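Following: one structure in structure tokens, then a few remarks.
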Amino acid sequence: MKNKSLVLSSRMYLFAIPALIIYLTFWIYPTIRLFYYSLTDFNGLSPNYQFVGLDNFRQVTTSPMLTDAIGNTLIFTVLLVIFGNFIGLALALGLNAKIKGMGFYRSAAYLPTLFSAIVIGFMWTYVYMPDRGLIASLMHLVGLDGSNFNILGQSSTALHGLIIVAIWRSIGTTTIIFLAGLQTIDHSLIEAGEIDGCSQWNLIRRIKIPLLRSAITINIILGVIAGLSTFDLPFIMTSGGPGTATHTLMFAIYRLAFNEQRFSLAAAFSVVSFAIIIVITGILVLYMNKREVEM
Amino acid sequence: MFKRKVLFFAGALCSLLLTLTFLTGCGNGDEIVITIMASGARQADSKVFVDAFAQVVETQFPHITVEATLLPDDQYYTTLAARMASGEAPDLFLVQPRLGGGANSVFSMAEAGRIMALSGLENWEHFPQSSIDDMSFEGRPYAISSGVAFLGTYYNSDMFVEHGIHIPQNWEEFLTACQTLLDAGITPIVMGDMDSFMIQFGLYQIVANQVYPINPDFDLELYEGVTHFTDPIWVQAVEMYAELYERGFMASNTLGIGQAQSMQMFVDQEAAMTFNGSFNLEALTATDEFEAGFFALPANEPGKPLFTAGATSAGFAVSSTTDYFDEIIDILNLMTDGESELFDAWVNQPGSISIYSGQELQHDIFEDVMKLYQEGHSFYWANQAWPAGLNDEMSVWFSRIIDGQDVTPFDVTQAMQNHFEALIGN
């Protein structure tokens, strides 16, 4: 007797085959190859490479490059998520008000998201430029000494300089997600709160933020993924420097693969990074989902 | 009925695909496409070589279509490495001499069997042996370069004249010149160390005077474990470069300035000098406000000869996966014949200093360094003998000195030695 599904004919699964083939070819196969290369001494050029077991992983885990990169990446991610969400939420609350010209303000808030990383990186290097940049010029204008303003040129501040740019770039998306969440809140709840004498702060704290849980979850997850996979800004703006002050996980992988021609070591680094990102994202998703269910 | 319709459409689709395949294959069998890839940037007022190459080749060889790609330096290295790894290398592409430039060095490519020997070219006798050697691996030439490139010191000659400074001939005179400028309220040197590769521009000039004249085989002996970066001559070279920062001769906050910004500052006369290469001639002399000059950084002691850091420029190599080796050899023979339009386009690239026999020096600004080069007072750029990535480690550690961290020149050389050993697998 044939097993016939009441929902979907088994023949319909055939239609998933093209997508499955593409997925297997362009995602699963390269990932498996990456794992394979991590066990060899492949340099990206020579077809004659040897199997070296776990040597690359031994090198990666004992290298200061990994600890530097993990440290920088985590700081970058945490600050991006915290400040990005706070500023995004504040902007969304402001942009949700009924004032004249709101369409313009909303467009303006979203504008930075439309620029490519190259444009943003190039622009901000001039904003940050010591003595002659936008910030230094403004400092001169108000009588401060802008000649020593050198945020990207000092290892103690370079990473923070990049984080500010990353927040500026992502704030549009974060704000839009919060704004969409705010607009789904039933207005009768706000009115009820107002009738009960809630202050504006309590309305935000007791009604709006709890009802924005889903938006907060999305923004945090997106922020964490963006932070952990950061490559473009350190590459464009600081070349990972000064020293290794802005080496992120992805930048370190790039440096190993393309600057040092150690593809197999870069592959091992990628595998370790992959594991770290999966673990962090997995824990976060589980935690956030649990919190949402509890609500 | 439905099945018939499906079969009909499937059959029609197959027929269409077969017809298209057939028609595509029926083109003129002699017509070929040659791909060429190079690094560089398009300038508004001059034609880049790959475009000229495509135009001339398509005119001279009507059956050849050229697909030319020009990429910025960083993107070029990445793209080439990725295309190599995937077996999709362009037919012709730029490689760096010796081990320079990492993955796209002629040694790495030839050793991996990625490029083909060019022994069969007709015009090798017009090139100096040093240039051929720089592009050879195991005695056979694998790439062909049109010229030489120098690292040097661009200077504002008006400022020098105004403050009575003559071109310095040794390290002491150079430091005195810097001090004179500083005392006059002028920033002596500007660098864009945020692009950390710029650290190499000054340091390699010092190494050409402090390391190689004492031991020309220093790098060869590095691989044998006889010499080390921690040897006093290399430490001394790093100390000398660090001294320029310690004594305030460099512009402040160079780690917050990129190469483009530093070049603009030089052009805007905010500093009297900058270390850079002959390859950036156009950008650094793009002004009528002052006359710019170029000299080899005199890192020599008084009474000792001055050496310049001159290196064979990047040259074209032929991919081992090309199907058109014979056609490409014909093109390369035309490109090196000394008289064709293609030859002119090749040797007259912006910033290029031709070493082809009988060619006159096009840029007077390089007269002094060219003289040193021709007299044999020249050494290659240090990284051309190093494994890929060692220059990055050097820049990372030296930038810590600039940043004011507790790092000494010896620490820089120690880090270089450690990294060198890791890279060569010791």
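Residue numbers (the numbering used here), protein chains in the order written: chain H, -9 to 285; chain Z, 8 to 433.
Every residue gets a Cβ at the ideal spot worked out from N, C-alpha and C, and that includes glycine.
Keep in mind the model is a prediction, meaning the values are calculated, not measured.
What's the gap between the Cα of residue i and the Cα of residue j?
i	j	result
Thr30/H	Ile243/H	16 Å
Thr103/H	Ile110/H	10 Å
Asn140/H	Glu400/Z	23 Å
Cys188/H	Met129/H	42 Å
Thr51/H	Thr238/H	15 Å
Ser229/H	Gly154/Z	29 Å
Gly32/Z	Phe204/Z	With a pLDDT of only 43 at Gly32/Z, under 50, the local geometry of the prediction cannot be trusted, and the value read off the model is given with reservation. Rounded to the nearest angstrom, the two C-alpha atoms are 48 Å apart.
Asp224/Z	Phe236/Z	13 Å
Cys185/Z	Met280/Z	9 Å
Ser28/H	Gly78/H	40 Å
Gly231/H	Leu24/H	27 Å
Thr164/H	Gly183/H	26 Å
Asp37/Z	His70/Z	6 Å
Trp388/Z	Phe73/H	45 Å
Phe132/Z	Gly365/Z	Residue identity differs from the one stated: residue 132/Z is Glu in this sequence, not Phe. Distance between the alpha carbons of Glu132/Z and Gly365/Z: 12 Å.
Thr374/Z	Phe301/Z	Looking at the sequence itself, residue 374/Z is Glu, so the reference to Thr does not match. So the alpha carbons of these two residues sit roughly 9 Å apart.
Gly396/Z	Ala6/H	45 Å
Phe202/Z	Pro120/H	It should be pointed out that residue 202/Z corresponds to Asp in this sequence rather than to Phe. The straight-line gap from Cα to Cα measures roughly 15 Å.
Leu10/H	Ile268/H	22 Å
Glu74/Z	Thr329/Z	14 Å
His150/H	Thr63/H	12 Å
Glu250/Z	Phe386/Z	23 Å
Ala99/H	Val403/Z	37 Å
Ile408/Z	Tyr380/Z	32 Å
Leu193/H	Gln144/H	43 Å
Determine the DSSP secondary structure at residue i, reduced to helix, strand or coil.
i	result
Phe60/Z	helix
Thr31/Z	Unreliable placement is indicated for Thr31/Z, whose pLDDT of 45 sits below 50; the coordinate value is still reported in the next sentence. Note: Thr31/Z maps to helix in three-state DSSP.
Phe100/Z	strand
Val40/Z	strand
Gly265/Z	coil
Asn216/Z	helix
Thr271/H	helix
Ile362/Z	coil
Ala258/H	helix
Asn222/Z	coil
Asn398/Z	helix
Ser46/Z	strand
Glu95/Z	coil
Leu142/H	coil
Ile193/Z	coil
Ala258/Z	coil
Ala249/Z	helix
Glu74/Z	strand
Ser127/H	helix
Phe68/Z	coil
Are any of the Cβ atoms in chain C nearer than 7 Å to that of residue i?
i	result
Gly34/H	The structure shown has no chain C; the protein chains it does contain are H and Z.
Residues of the region 249 to 266 of chain H whose Cβ lies closer than 8 Å to any Cβ of chain Z, in chain order: Within the region 249 to 266 of chain H, the residues whose Cβ lies closer than 8 Å to some Cβ of chain Z are Asn249, Glu250, Gln251, Arg252 and Phe253, listed in chain order.
Near-chain Z residues of the region 37 to 52 of chain H - C-beta to any C-beta below 9 Å: Within the region 37 to 52 of chain H, the residues whose Cβ lies closer than 9 Å to some Cβ of chain Z are Pro37, Asn38 and Gln49, listed in chain order.
Inter-stretch contact at 8 Å, needing at least 3 Cβ pairs: the region 149 to 156 of chain Z / the region 117 to 127 of chain Z: By the C-beta criterion, the region 149 to 156 of chain Z is judged to be in contact with the region 117 to 127 of chain Z, since at least 3 inter-stretch pairs fall below 8 Å.
Interface residues of the region 389 to 404 of chain Z facing chain H [CB-CB below 7 Å]: Contact residues of the region 389 to 404 of chain Z toward chain H are Ala395, Gly396, Asp399 and Val403 (C-beta to C-beta distance below 7 Å).
The region 172 to 183 of chain H touching the region 245 to 254 of chain H, judged by at least three CB pairs closer than 8 Å: With a cut-off of 8 Å, the region 245 to 254 of chain H and the region 172 to 183 of chain H do not count as touching, because too few Cβ pairs lie within range.
Near-chain H residues of the region 258 to 271 of chain Z - C-beta to any C-beta below 8 Å: Hits within the stretch, in order: Ser259, Asn260, Thr261, Leu262, Gly263, Ile264, Gly265 and Gln268.
Any alpha helix (DSSP H) of 4 or more consecutive residues that is wholly inside the region 147 to 221 of chain H: For the region 147 to 221 of chain H, whole alpha helix (DSSP H) runs of length 4 or above, ordered along the chain, are 148 to 173, 177 to 185 and 203 to 218.
Uninterrupted alpha helix (DSSP H) stretches inside the region 268 to 342 of chain Z (no shorter than 4 residues): Correct list: 288 to 291 and 332 to 342.
Those runs of the beta strand (DSSP E) which lie wholly inside the region 110 to 161 of chain Z and span at least 3 residues: For the region 110 to 161 of chain Z, whole beta strand (DSSP E) runs of length 3 or above, ordered along the chain, are 150 to 152.
Within 8 Å of chain H by C-beta, residues of the region 404 to 424 of chain Z in sequence order: So the close ones are Trp404, Ser406, Arg407, Ile409, Asp410 and Gln412.
Chain Z contacts from the region 52 to 66 of chain H (Cβ-Cβ distance under 7 Å): So nothing in the stretch comes that close.
Sequence ranges, alpha helix (DSSP H) only - wholly within the region 3 to 78 of chain H, length at least 4: Runs found: 7 to 13, 19 to 27 and 45 to 52.
Stretch pair the region 329 to 349 of chain Z + the region 160 to 179 of chain Z: three plus CB contacts closer than 8 Å: Touching, no, given that fewer than three Cβ pairs across the two stretches are closer than 8 Å.
Residues in the region 105 to 121 of chain Z having any Cβ partner in chain H nearer than 8 Å: Against chain H - using a Cβ distance shorter than 8 Å - the residues of the region 105 to 121 of chain Z are Gly109, Ala110, Ser115, Met116, Glu118, Ala119, Gly120 and Arg121.
Any 3 or more C-beta pairs closer than 8 Å across the region 349 to 364 of chain Z and the region 95 to 104 of chain Z: Counting C-beta pairs closer than 8 Å gives fewer than three between the region 349 to 364 of chain Z and the region 95 to 104 of chain Z, which falls short of the contact rule.
At least three beta-carbon pairs within less than 8 Å, the region 208 to 225 of chain Z to the region 415 to 425 of chain Z: The answer is no - the region 415 to 425 of chain Z does not touch the region 208 to 225 of chain Z, with fewer than three Cβ pairs under 8 Å.
Proximal residues, the region 232 to 246 of chain H versus chain Z, C-beta separation under 7 Å: Against chain Z - using a Cβ distance shorter than 7 Å - the residues of the region 232 to 246 of chain H are Pro232, Gly233, Thr234 and Arg245.
Against chain H: residues of the region 70 to 98 of chain Z by CB proximity under 7 Å: Of all residues in the region 70 to 98 of chain Z, only Tyr84, Thr85, Ala88, Met91 and Ala92 place a beta-carbon less than 7 Å from a beta-carbon of chain H.
Validate contact between the region 283 to 300 of chain Z and the region 370 to 386 of chain Z using beta carbons, cut 8 Å, 3 pairs: With three or more CB-CB distances shorter than 8 Å, the region 283 to 300 of chain Z counts as touching the region 370 to 386 of chain Z.
Residues of the region -3 to 29 of chain H with Cβ closer than 8 Å to any Cβ of chain Z, in chain order: None of the residues of the region -3 to 29 of chain H has a beta carbon lying less than 8 Å from any beta carbon of chain Z.
Residues in the region 194 to 226 of chain Z having any Cβ partner in chain H nearer than 7 Å: The region 194 to 226 of chain Z vs chain H, Cβ under 7 Å: Met201, Asp202 and Ser203.
Near-chain H residues of the region 278 to 303 of chain Z (beta-carbon distance less than 8 Å), N- to C-terminal order: Cβ contacts with chain H come from no residue of the region 278 to 303 of chain Z.
Interfacial residues, the region 127 to 140 of chain H to chain Z, with Cβ spacing under 9 Å: If the cut-off is 9 Å between Cβ atoms, the region 127 to 140 of chain H has Ser137, Asn138, Phe139 and Asn140 near chain Z.
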